[in-house]
Amino acid sequence: MKKISRSDGTYALVLVPTRELCLQVYEVTKQLVHRFQWLVPGHVMGGENRMKEKARLRKGVTILVATPGRLLDHLQNTSSFHHGNLQWIVFDEADRLLDLGFGKDIKSILSYLDTQPSLKSKHQMGNQKRVRQHVLLSATLDDDVMELASISLTNPARIGLSEPLLHGTKCNGEVCIDAEQNMDENTKNGPGSNKLEYSMPSQLVQKYVTVPGNLRLVTLLVVLHIWMEKTSGHKVVVFLSTCDSVDFHYALLSDFLWSFSPADEQNCSKSLIDCKCFRLHGNMSQQDRTETFLEFNKQSSALLLCTDVAARGLDIPKVTHIIQYDPPGDANAYVHRVGRTARLGRKGEALLFLQSCEKNYLSELQKHGVALEEVSFRDIWTRLFKQQKFYSTAENNLLETHPTVLNLLKSLESFISKQASMREIATDAFRSYVRAYAAHRGDLKAIFQVRKLHLGHVAKSFGLSDAPSLLGKSQSKKRSRDAKAMKMRKAKKRKYMRPAQMGE
């Protein structure tokens, strides 16, 4: 038997739903095979330079990690991509692959591979027939995943968690899901049934807070201030529903300064959080997303504002706190979000923000075995008042009319109203939030109804004094394109500068 050679092409293929997960799987694969020089890992994904990917594929990639769209592109258009020796395909986060609309691409990939002739590699002996093995990994097995399994797998062996492990108190430090039991339940209850129950790790503390709509933003800032001031070593991930909302909160936390003492505001103003702030969402360029992901992982104390692009599959080291500022979709989405913390036996805390009209969402979670502890809205602010030495004042006032609360609200509105760029970002974030709120599906539509919202209070949660018109087009993609074009112009300018000029 001869060693596998790079020139043999690709033997193993790992399909993943997002670029960040693609990079992470690739990095782990590199570490696993670094002592086996003849095994060459590689990756292809959207947003990267196709010609550079093409050059790597031409040389040969033994283990290829890919997103479905870019892989299909190379299969159809890169003649130097050698895949005749392909023996393993892994579908990682299969439920997420389907959620992001990759089902059609996956079917096209499998159809294409099935029609291509297989090559006999040098390490095969005699007339030994090579059989391609498929592995499908998924946290949930709903109807769509089962359909993908029927297409991609033949007579599959099911591997899930045992019954004692599922119902025990320990879960190996991770969210546990009895996949096989769910498969049986779906079969019994017919298509569309969803009886899945989740067993959460014992070291994960899950809480929720009910916040008036107009005080959501200031309460978020207070929670972040308390967590980041208390001790170093806190890594917090805040989940938001839209890219525009991520951009707004990132801009606000990056530039907004405030003083707890209105009388000395100019001299004592400072940032509410004492750590680096990062953002991650799908409208960012691939280079920015990669840099953000890698840089956040390096930090011992930091804040990440993100959409659900970071909710599944990614292993973000040492995340201590999760805030679901905008409620997720179904229980499955909730579990994936909180699954970013309390990993590998470490302690973690998850906080869910709800408005009073959204409290029925707790019942939806309870149907799946997920119970949350309530934390008082007043208690959060009381901790801040104790820190700032005016606790007694809070006891004698309605919280909504407390001078500190009013001062923070006024400061936020003033900060946003004085800057045209911030007003534009806040307006985009308001509109996209309402659109996302109206887009909840299935049983959740009865809970998350736009008509139940006070749009004036929603506007306050974006630092706006009045609710803007719901009509309007988001400018976030335009801002991303403009930023990318500016980077390219600067890079081109540096490229053509004479050495003498660069030294001046």
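Residue numbers for the sequence shown follow full-length UniProt numbering, so the first one is 1 and each next one is one higher. All C-beta atoms in this analysis are idealised placements derived from N, C-alpha and C, irrespective of residue type, glycine included.
- The residue from L215, H281, D288, Y437 with its alpha-carbon nearest to that of P328 is Y437.
- The shortest CA-to-CA distance from Y26 to any of F36, R35, L15 is the one to L15.
- Counting along the chain, the unbroken alpha helix (DSSP H) around T290 starts and ends at 286-298.
- In the three-state reduction of the DSSP assignment, R279 falls in the strand class.
- Unbroken alpha helix (DSSP H) stretches of 4 residues or longer found wholly inside the stretch 191-255: 216-230, 243-255, given in chain order.
- Here DSSP, grouped into helix, strand and coil, assigns P41 to strand.
- DSSP, reduced to helix, strand and coil, places F415 within a helical segment of the structure shown.
- When DSSP states are grouped into helix, strand and coil, V370 belongs to the coil group.
- Under the three-state reduction of DSSP, L303 is assigned to strand.
- When the Cα atoms are used, V370 and W88 turn out to be separated by approximately 36 Å.
- Setting aside the 5 residues that flank it on each side, F415 is surrounded in the same chain by F256, each with a C-beta closer than 6 Å to its C-beta; the list follows chain order.
- Taking the Cα positions, Q24 is about 48 Å away from L398.
- Boundaries for E400: no beta strand (DSSP E) harbours it, and the DSSP string shows neither H nor E there.
- S376 and K207 have their C-alpha atoms spaced approximately 10 Å apart.
- R56 sits away from G47, with the two beta carbons spaced by 8 Å or more.
- Scanning H457, A310, L253, V28 for the CA closest to the CA of C357 turns up H457.
- Put simply, of T341, S432, A12, S271 the residue whose alpha carbon is nearest the alpha carbon of R312 is T341.
- With contacts defined as CB atoms closer than 8 Å, V40 and H74 fail to qualify as a contacting pair.
- Counted as a single uninterrupted DSSP element, the stretch harbouring I425 is not any beta strand (DSSP E) but the alpha helix (DSSP H) occupying residues 420-438.
- E93 carries a coil assignment under DSSP once its states are collapsed to helix, strand and coil.
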